[in-house]
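Here the structure comes first, spelled out in structure tokens, and everything after it is commentary.
There are 2 protein chains.
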Amino acid sequence: MGRPKSFEPDVVIAQAMEAFWTKGYTDTSPADLAEATGVAKGSLYHSFGSKRQLFGKTLDLYSRMQAERAEEFLARPGTAKERIRAYFMLLVDADLDGPVRRGCLAQNTLGELGGRDAEATRAAHRLEEGMIEFFAARIRQGQRDGDVGQDVDAQAQALLLQSTLAGLRVMAKTFDRPTLHRIADTAVAGL
Amino acid sequence: MGRPKSFEPDVVIAQAMEAFWTKGYTDTSPADLAEATGVAKGSLYHSFGSKRQLFGKTLDLYSRMQAERAEEFLARPGTAKERIRAYFMLLVDADLDGPVRRGCLAQNTLGELGGRDAEATRAAHRLEEGMIEFFAARIRQGQRDGDVGQDVDAQAQALLLQSTLAGLRVMAKTFDRPTLHRIADTAVAGL
DNA sequence: CTGATTCTTGACCCCTAGTTCAAGAACGTG
DNA sequence: CACGTTCTTGAACTAGGGGTCAAGAATCAG
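So the protein sequences, as listed, match chains A and B.
Start counting the first sequence at 57; every next residue gets the next number (my numbering).
Start counting the second sequence at 57; every next residue gets the next number (my numbering).
Written out as structure tokens, the structure reads:
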């Protein structure tokens, strides 16, 4: 019983995520969130407790979205090299095609709050570890399929790929598309 | 004539840099800067104009310091692979040995202000381009010395190295030392 | 020693961020 | 249809952020 919510919490979290992603945690004010979600400030506080808690929800949503997309995209038909390369391109292009180059929310969060917000730091770390596991699994898959050499250390290559991808998304804030594509090409050349 | 400055501007900029580096641009208040530098707020504004302008100076100083260190370190005796690997390790270890993992000021700035502050974005970009040039030059040097194969595309490898290094410094906020060292090892293995 | 000049400083100001709250609105129940 | 419950909302509050300023302290020139 009681008055029903006038909004879908998940939708509001997604809208808040866009705001945080675009402006960063600190520079996104409660007023910004109210505008981005169409829900009044007071109501947001009633539902989510605080700006920080809402941000936590957006980080969780972001992590789930990223993980889901990576898993799905890497699983499509093709060699490990092809799929990983395509995934890198996807992220780079998505970044460059948007009105603002927002990079990766998790990485931005590490840059902004890393060290000073333990929970946000852990959330970002978990996402990175998940990505590494996806890459490693896809490389091993490639080894079973025969498109990746048996001598390749899947775990070491997965770590390197994640590192390169993280850097690529930093560089995607300032470099042009051909350069970024070239890096993606070189990154997977060793597989 | 006139009353002389009671502080060395360069020293104050260096101290402000430490503050910005540790807490980020937005989270560093004028009060923080006054404490970090030992100079009263009013005096900082008198000398530097605004928080943003002081930050600009710290970015410049940071870029110069980074470039200088990279150039010097890469030039020491050894093969290209050895020197680049040592440089990666140096940065990783410096980050992990500090009381807080601050990563790279330029990258943090891109994460925090990227896109929304044109000048800061450009400054960070210039530093990255400089790094790429250093790597490329060192690889070509290796080719002349005979420790890097003639078939290696120096520019492409330099781009990849910078991307990997940027990612490494993001990951240095949450991963442990052995993992980061392993990535550095794998990164230079292809040279 | 006087003055013009350039520094130093804390007090002060305005504005916004983050949060709380009192009033009211939309339910389900009995 | 009254009643408890859970929502909605703008107004109101507090703290602190970024910046300004008036007063005074060093300096040098004449």
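Ideal Cβ positions, reconstructed from N, Cα and C, are used throughout, including at glycine.
By the three-class DSSP mapping on this structure, what secondary structure does residue i have?
| i | result |
| --- | --- |
| residue 133 of chain A | coil |
| residue 82 of chain A | coil |
| residue 191 of chain B | helix |
| residue 247 of chain B | coil |
| residue 227 of chain A | helix |
| residue 167 of chain B | helix |
| residue 59 of chain A | coil |
| residue 158 of chain B | coil |
| residue 105 of chain B | coil |
| residue 206 of chain B | coil |
| residue 96 of chain B | coil |
| residue 139 of chain B | helix |
| residue 66 of chain A | helix |
| residue 182 of chain A | helix |
| residue 153 of chain B | helix |
| residue 196 of chain B | helix |
| residue 232 of chain A | coil |
| residue 173 of chain B | coil |
Looking at C-alpha atoms only, which residue of the options is the closest neighbour of residue i?
| i | options | result |
| --- | --- | --- |
| residue 21 of chain B | B:98, B:236, B:177 | As displayed, chain B neither begins before 57 nor continues past 247, which places residue 21 of chain B out of reach and without an answer. |
| residue 100 of chain A | A:125, A:64, A:115, A:177 | A:64 |
| residue 66 of chain B | B:60, B:93, B:79, B:57 | B:93 |
| residue 151 of chain B | A:138, A:170, A:161 | A:170 |
| residue 134 of chain B | B:115, B:82, B:221, B:199 | B:199 |
| residue 220 of chain A | A:155, A:173, A:238 | A:238 |
| residue 146 of chain B | B:168, B:130, B:156 | B:130 |
| residue 177 of chain B | A:117, A:115, A:80, A:230 | A:230 |
| residue 167 of chain A | A:132, A:156, A:124, A:222 | A:222 |
| residue 78 of chain B | B:165, B:202, B:113, B:197 | B:165 |
| residue 204 of chain B | B:245, B:174, B:173, B:57 | B:245 |
| residue 132 of chain A | A:154, A:117, A:197 | A:197 |
| residue 208 of chain B | B:180, B:247, B:173 | B:247 |
| residue 210 of chain B | B:158, B:137, B:154, B:173 | B:137 |
| residue 80 of chain A | A:174, A:193, A:175, A:157 | A:157 |
| residue 174 of chain B | B:124, B:108, B:128 | B:108 |
| residue 155 of chain A | B:155, B:124, B:172 | B:172 |
| residue 128 of chain B | B:193, B:206, B:106, B:82 | B:193 |
Note down, in chain order, each residue of its chain lying with its Cβ closer than 6 Å to the Cβ of residue i, except the 5 sequence neighbours on either side.
| i | result |
| --- | --- |
| residue 148 of chain A | 228, 236 |
| residue 213 of chain A | 195 |
| residue 233 of chain B | 152 |
| residue 201 of chain A | none |
| residue 113 of chain A | 69 |
Which bits of chain A does residue i rub up against, with CB to CB less than 8 Å?
| i | result |
| --- | --- |
| residue 177 of chain B | 229, 230 |
| residue 166 of chain B | 159, 167, 226, 229, 230 |
| residue 195 of chain B | Within chain A, no residue comes near residue 195 of chain B; the closest Cβ sits about 13 Å away, beyond 8 Å. |
So with CB distances below 7 Å, who are the chain A contacts of residue i?
| i | result |
| --- | --- |
| residue 181 of chain B | 230 |
| residue 156 of chain B | 171 |
| residue 246 of chain B | 246 |
Going along the chain, which residues of its own chain have a beta-carbon closer than 8 Å to the beta-carbon of residue i, five neighbours each way excluded?
| i | result |
| --- | --- |
| residue 182 of chain A | 119 |
| residue 110 of chain B | 69, 72, 89, 100, 104 |
| residue 240 of chain B | 141, 144, 145, 148, 224 |
| residue 61 of chain A | 103 |
| residue 162 of chain A | 115, 118, 119, 122, 179, 180, 183, 184 |
Near residue i, which residues of its chain fall below 7 Å by C-beta distance, leaving aside the five closest residues on each side in sequence?
| i | result |
| --- | --- |
| residue 217 of chain A | 140, 191, 243 |
| residue 84 of chain A | 75, 76 |
| residue 122 of chain A | 183 |
| residue 126 of chain B | 143, 187, 190 |
| residue 160 of chain B | 225 |
| residue 215 of chain B | 188 |
| residue 95 of chain B | 63, 68 |
Given that residue i touches chain B, what residues does it touch there, using C-beta distances under 7 Å?
| i | result |
| --- | --- |
| residue 221 of chain A | 223 |
| residue 205 of chain A | Simply none; closest approach about 14 Å. |
| residue 163 of chain A | 167, 226 |
Report yes if the C-beta of residue i is less than 7 Å from at least one heavy atom of the ligand MG; otherwise report no.
| i | result |
| --- | --- |
| residue 159 of chain A | This structure lacks the ligand MG, and indeed carries no ligand of any kind. |
Could you work out which residues of chain B lie near residue i, taking near to mean beta carbons separated by less than 9 Å?
| i | result |
| --- | --- |
| residue 218 of chain A | 223, 227, 239 |
| residue 29 of chain A | With chain A running from 57 to 247 in the structure shown, residue 29 of chain A is simply not present. |
Could you tell me which chain A residues have their CB closer than 9 Å to the CB of residue i, listed as they occur along the chain?
| i | result |
| --- | --- |
| residue 243 of chain B | 216, 219, 220 |
Residue i touches chain B at which residues, Cβ-Cβ below 8 Å?
| i | result |
| --- | --- |
| residue 213 of chain A | 242 |
- For the region 79 to 100 of chain B, which residues have a CB atom closer than 8 Å to at least one CB atom of chain A, in sequence order? 79, 80, 82, 83
- Query: For the region 107 to 120 of chain A, which residues have a beta carbon sitting closer than 7 Å to at least one beta carbon of chain B?
  - Reply: none
- Message: Short of 9 Å Cβ to Cβ, which residues in the region 131 to 151 of chain A face chain B?
- Response: none
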